[in-house]
Structure formats: C-alpha cells, structure tokens
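These notes are about the structure you will find just below.
2 protein chains.
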Amino acid sequence: MSGARKAALALAGGVGGAKLAAGLQHTLGDALTVVVNTGDDFEHLGLHISPDLDTVMFTLAGVANKSQGWGLEGETWNFMAQLERLGGSAWFRLGDKDIANHLLRTSRLAEGLSLSQMTQQLCDAYGVRAKLLPMSDDPVRTIVHSGELAIPFQEYFVKLQCGPRVDRLEFRGASTARMNALLGCIAPGSLEAVVFCPSNPYLSIDPILSIPGVREWLRSLGAPVVAVSPIVAGTAIKGPAAKIMRELGHEPSAATVAAHYRGIIDGLLIDTSDMDLQGEIEALGIAVRVTNTVMKSDADRITLAEESLRFAREVSKR
Amino acid sequence: MSGARKAALALAGGVGGAKLAAGLQHTLGDALTVVVNTGDDFEHLGLHISPDLDTVMFTLAGVANKSQGWGLEGETWNFMAQLERLGGSAWFRLGDKDIANHLLRTSRLAEGLSLSQMTQQLCDAYGVRAKLLPMSDDPVRTIVHSGELAIPFQEYFVKLQCGPRVDRLEFRGASTARMNALLGCIAPGSLEAVVFCPSNPYLSIDPILSIPGVREWLRSLGAPVVAVSPIVAGTAIKGPAAKIMRELGHEPSAATVAAHYRGIIDGLLIDTSDMDLQGEIEALGIAVRVTNTVMKSDADRITLAEESLRFAREVSKR
C-alpha cells in the first residue's frame, strides 16, 4: 500500500479521535499529520499539561492505558497518594510515569522550546511514526460558560464531571493565536484526505477551527474533507458531546454533526445504526458513507481509517 | 522530663545533623527549633528542591529512607525510569513520592508562599513535632570554586560525587539574605542550649552562619552553644567534610572543627576515639565533652542529644 499512497491530515482531540488517528497511522505511517486540540491544555501544580496531545501521542505510540481510557499503560500512583497525604490538590490524577512527560515538557518550555518542538521530542522518544502538531504554539484555553460561571475546561471536564450546563464555549486566546507554522510545510495537492476524527465537535475540533486562517488553509489544500460522526444512535461513544449538543439546543444526532460542519466538510461517515439519517444529511450537500464507526478493537480502527480514506477518494471524484 | 525543661535550638544540614535533631526532638518535642541550611537548594526540572530541609523533615517525621541515606522510605522510581526513557536529565534522582514534596513546594512558592510557610505546611502534614525553619526565605546558593570552575553545589555533590578539589566556597546571595524572621520569636534567655549538629561545617553550618546577623543573634540568645564534631578519628561519618578540610589546608580532625567554630561555640562534643585531642581543643578556650558521637541506632541519637543538652547546661555554669 505504501508505494502509491499520498499523505493525509487528521484533526483530533481526545480518546475517540486518537483511535482513528492510530488506524490512519497504521495505514499511512509517517505520511500522516495529526493536528491536535490544545484548548484543553492547562497549568496544574505549575505543570504544563496537554491532555489531548498526550492522549493522541500515547495512543499512536501504543502505550495508552486502554482500560482506564486515558494516561499510560502500567501506570502507578505513588506520587498521587503522597500528594493527597500532604494535602495537595487531588482532583486531577497524575500518574508517576505521566509526570515525566509533564515535568519534561514544562521545564523545556520554560527554557524556550515551543510546544511543537517539545511534542516532536516526546513523539520521537515514544516512537510515534505520524507527525503530531499542536494546533498552535500560542496558548488557547477553552472556557465553559454556564450561567454566570466561566469554568476552565479541565475543571468542567474532570473536577465537575461535565455537570454544569454549557451555555457557550469560549476559546480564549484563539483570536490572536497563530496556526502552527509547520502546517505550512504541507503542500497544496499533496494530501489525499483531510479527516476530522470522531472527536467532540465543540470541545476538540472547534478549537482547531477557531484559529484564524485554519478554515481557509484547509480549503486551500485542495483535498477532500471528511468527518467521522462522534454521535452514534443519538449518543456519544464517550464524553459529553451529546449532552452539550442538547444544551446548545440541538438534537444529539449525526445530522446535527453534519449541520455543524456544513461548509467545511465534503463528506460524513455515519454509523449503520444512523442509516436513516443519510437523506437528511445529503440534503445539506454533504456526501454520506454508512459504515461501522464504533472502534472496539485495533482492527476496527484500521478498517474505519481505510474506509475514511476510500470515502475521501470517492468524494474527491464527484 | 517535660515539666521543667527549657527549649533548644539546633543548626543542621543533611543526614548526620538530622539524626541528632531527631534525638533532640525526642527529648524536647515542640520545644526544639531546627534552623536548616538552604545553601544546597536548587532548581531542577523547574522544581524547587530543598535537600537539607527534606532530609531533616523526613528524619524528624520518622519517614526517612535509612538504607538509602536520603529520601523517603518505601520510595518508588517509576517517574525516574520514564524520565530516562524520554531522555530527561537523570543525574539527580527523584522518587515518585518525593516529587509530591517538590511539586507542592514549587507551586505554592510560585503562588507567593514563603519557604518558611511551605516548610511549616509540609511539617504539619508529615507530623514533625519540632519547628523547622529554613535559615532564610531568600535564596542562598552554595557554589564550589575549583580552579577556574564555579560549580553549583548539587552538581558538585551529586553529579560530580564531590570529586573536584574545593579551593573556596561561596554562599551566593548570603550577603543580602535576611535571617529567617521567625527566629525573632525566640526570646533571649528562653533556650537551654544551642546545638550545632554534626553536619558539615563548611557546607551545612557555615551557610547558616554566613547570613548577616546570625552570629550576633546566636550570642544574644544568652544560651550556651555546643557543637558535635562531624569528624571522628580523622574522617567524616558521611560526606566530604574530611576531604574538603584537607583541600582547604587543614588536618581532618575534631581539633580543626574546634578551631573553625572558635569564637562562636562554648563547647565541643568529640568522640571517645578522639580523646587525645581534648587538651588541644581546650587550649582554644573551648570546653570538651568526650563521648560516643557515632549514631548507629535511634537510641544512640537520643543518648547523644541528652548528652549534648547536659553538656550545654554544664558549660553555661562555668
């Protein structure tokens, strides 16, 4: 397969997106670039923590903790137990191995390295084949507005367990953030596909799209843009996407995902359980591929990745 | 014993000093104040690390790693293994539990807490009964001058294993550092003794004495000042004290310790193996107590602590 293949670009957030990115990496190897959301980055105990970058990196390196759904496999918790004993803040769990990432990243950023450079160093150390790029080297912070409250994302997501109603999302810093300069290395015409992974549209993909110039740049690549719906049968496989969709006044469905991405995607892959939505989505001018989008195994990831690339090729011929 | 006893003050650096401080705490409880060297504090991977404060704190809390000679008992090393895997700096070993101290201290100092306040919080959490005070809340950094080189202390001590010849020691920042303000809470006449623990005179006690006003303040307390020689039979129980003594042009002996502390101590406790030095030291105007100063067991610590206090009482009556 590797001879004639072109490259591809994926946009991803956390766990679901990372799974499809891993499938794409299996097929494309180092011809895959993954742009990762950094809107959920935050400072905690003085550490710069990049949850989505880590999740994608660990997943692509094959060292993600699958049963836990985040963090590293074979993780231990001796730091955390001691921190709790000392009365430290314990709502965000930091594994002993995980802290090595955070501390190394934080200290090298303080020395002047960019987040992109640091991500490259970590990916090299972990043996990630795809190219992982934070959406921007400038800080963008997702803020959840709920009534009078402006809640930093990780507090909403981890401490408050996505409890508060989402009235509005703010990507603080996005309007002045610069798109990752390394994205400029991707030559127009060099990609066979841009794939929006099945990440949360509001919390994972929108922050990337909110960086000035990203939407125009995506179009300028001249590649078909397809997305995989993170909503299956009206619910999210993981995370608060369906809940937020409802709170923002929409029916949780793959059709809502399609409407949300209208004007930027050419095609949407939806699950077989949502096949009755095909007509509704196509009426929006978006091509549809009905397939199994639930990734339970490594084989599922690869199958869905290949189906996404195949669908993109078909879309581009229309 | 607790009814009539007065309070005492100890000056201490690392392991040897911590042992005697633990003995003193056994006898005096919260009537003991320990002033701890911070000249070997340093920044590493963005963390504020206070090795002597930690050693004394862990020892007084009964959680020090006795076999290792530093750090916490029951320590694990999963962070360190991961850090090495990621190509991080590995010359200074950071245990999983230990990092909880460092990270909590670093983040709270960044929030504006003083090192004294943070030390108090950690001591409360660990259940230390004595009052531990860093010598100053201002940064003082011990620099080892060796030929043309100016080597930060931890690099000299850990990375270079005390290999380079010491030509001169510098306590950078000491001349403008303020003595810990909480030492002002100790009322003149309230102490039965000031005890210089058997720590390295050059690396542990001298930094404390180099803070402007400390020597005068010690005298103003009106308490007898006694020291326990860290040199026994011409060698140091632990650490480079004897080597440095030689490099600075002195014979490694308890008599050299006496000469070094001349004018500030009233009495010196020396080991039975050094009893032949008694006359030489007394000729300096320093009282001598010959006793067993090698602390192999918890009982040894208590015996030496009680002997130090008894000796101080006797010295004060002369």
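In order, the protein sequences belong to chains A and B.
Numbered by the working numbering, the letters in the first sequence go through residues 595 to 912 in order.
Numbered by the working numbering, the letters in the second sequence go through residues 595 to 912 in order.
All C-beta atoms in this analysis are idealised placements derived from N, C-alpha and C, irrespective of residue type, glycine included.
Examine the ligand ZN and report whether any of its heavy atoms sits within less than 7 angstroms of the Cβ of D718 of chain A.
Absence of the ligand ZN from the depicted structure is noted, as is the absence of any ligand whatsoever, leaving it without description.
What did DSSP end up calling F751 of chain A once you bin it into helix, strand or coil?
helix
List the residues of chain B that R679 of chain A touches, going by C-beta distances under 9 angstroms, in chain order.
K691, A694, A719, Y720
Taking the DSSP output, what are the residues bridged to H620 of chain B?
Within the DSSP secondary-structure output, H620 of chain B pairs in no beta bridge.
Considering only their Cβ atoms, is the gap separating R883 of chain B from L903 of chain B smaller than 8 angstroms?
Going by C-beta atoms, L903 of chain B is not nearer than 8 angstroms to R883 of chain B.
Just to confirm my understanding: we take S740 of chain B, look at its own chain, exclude 5 residues before and 5 after, and list those with CB closer than 7 angstroms. What are they?
The residues are P758, R759, V760, D761.
Taking only runs that begin and end inside the region 789-848 of chain A, name each unbroken beta strand (DSSP E) of 3 or more residues, in chain order.
819-822
Taking the CB atoms as reference points, tell me whether G623 of chain B and S793 of chain B lie closer together than 8 angstroms.
no
For G783 of chain A, which option in A:L618, A:Y796, A:Q662, A:P818 has the closest C-alpha, if you only look at C-alpha atoms?
A:P818
With 8 angstroms set as the bound, which would you pick, yes or no: does the beta-carbon of S701 of chain B sit closer than that to a beta-carbon of chain A?
Look at S701 of chain B: its C-beta is under 8 angstroms from a C-beta on chain A.
In its own chain, which residues sit with a C-beta less than 7 angstroms from the C-beta of E874 of chain B, not counting the 5 before and 5 after it?
Correct list, in chain order: A849.
Would you mind giving the Cβ-Cβ distance between A821 of chain A and Y855 of chain A, rounded to the nearest angstrom? I have them listed as a contact below 8 angstroms.
5 angstroms
Please name the residue or residues paired with G861 of chain B in a DSSP beta bridge.
B:V820, B:A881
List the endpoints of the continuous alpha helix (DSSP H) containing L709 of chain B.
Counting along the chain, the alpha helix (DSSP H) containing L709 of chain B begins and ends at 709-720.
What is the residue span of the alpha helix (DSSP H) that E901 of chain B lies within?
Start and end: 892-911.
Taking a contact to mean a Cβ-Cβ separation below 8 angstroms, would you say G665 of chain A touches G689 of chain A in this structure?
yes
Give the secondary structure of R856 of chain B by DSSP, where H, G and I count as helix, E and B as strand, and everything else as coil.
Note: R856 of chain B maps to coil in three-state DSSP.
On the premise that T649 of chain A lies in contact with A616 of chain A, defined as a C-beta separation below 8 angstroms, what is that separation, rounded to the nearest angstrom?
The pair is not a contact, with the Cβ atoms about 11 angstroms apart (cut-off 8 angstroms).
Please tell me whether G921 of chain A has its Cβ less than 8 angstroms away from any Cβ of chain B.
In the structure as shown, chain A begins at 595 and stops at 912. Residue 921 of chain A is therefore absent and cannot be evaluated.
How far does the alpha helix (DSSP H) with S701 of chain B in it reach, from first residue to last?
690-704
If distances are taken between C-alpha atoms only, which option among A:L777, A:T736, A:L754 comes closest to G767 of chain A?
A:T736
Using a Cβ-Cβ cutoff of 8 angstroms, what residues of the region 639-657 of chain B are near chain A? List them in chain order.
L639, G640, L641
Between N672 of chain A and chain B, is the shortest Cβ-Cβ distance under 8 angstroms, so that the two count as touching?
yes
Rounded to whole angstroms, what is the Cα-Cα separation between T897 of chain A and S847 of chain A?
23 angstroms
Are the CB atoms of G607 of chain B and S823 of chain B within a distance shorter than 8 angstroms?
no
Please confirm whether A602 of chain B has its beta-carbon closer than 8 angstroms to some beta-carbon of chain A.
no
Could one say the Cβ of Q676 of chain A lies closer than 8 angstroms to chain B's Cβ atoms, at least one of them?
Among the residues facing chain B, Q676 of chain A is included, as its CB has a counterpart in that chain under 8 angstroms away.
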